[in-house]
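Below: one structure, written as structure tokens.
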Amino acid sequence: MNVSSALVPIAVGAVAVVLLLGLVNMLRGGSANTSQRLMRLRVVLQFVAILVILGVLWWRSG
17 MNVSSALVPI
27 AVGAVAVVLL
37 LGLVNMLRGG
47 SANTSQRLMR
57 LRVVLQFVAI
67 LVILGVLWWR
77 SG
């Protein structure tokens, strides 16, 4: 397994972990500030994951 094929699952997994943490916080009636922080982190991680996926596709096409 090379680095490019390992980056995509790591990036997607990070998004999934933050999403689940946000859901757990919401279901437990946690702090609204924590929910907002997790939502912002999830959006940033989704952006990074998209960049990683596009980068891997570009790298493999060349």
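Going left to right, the sequence shown walks through residues 17 to 78 as this note's numbering numbers them. Quick reminder that beta carbons are idealized off the backbone N, C-alpha and C, glycines included. It should be emphasised that the depicted structure is a prediction, and the values quoted were computed from it without experimental measurement.
Practice problem: Give me the Cα-Cα distance between I69 and I26, rounded to the nearest whole angstrom. | Solution: The straight-line gap from Cα to Cα measures roughly 11 Å.
Practice problem: Keeping to the same chain, check which residues put their C-beta closer than 8 Å to that of L57; ignore five residues upstream and five downstream. | Solution: So the list reads V34, once near-sequence residues are dropped.
Quiz prompt | Beta-carbon spacing of L61, A30 below 9 Å | solution = L61 is a Cβ neighbour of A30, given a cutoff of 9 Å.
Quiz item: Alpha carbon to alpha carbon, what distance is there between V64 and S47?
Solution: Rounded to whole angstroms, S47 to V64 spans 26 Å at the Cα level.
Practice problem: Leaving aside the five residues before and after N41 along the sequence, list all residues of the same chain whose C-beta is less than 7 Å from its C-beta, in chain order. | Solution: Counting only Cβ-Cβ distances below 7 Å, and skipping sequence neighbours, we find T50, S51, L54.
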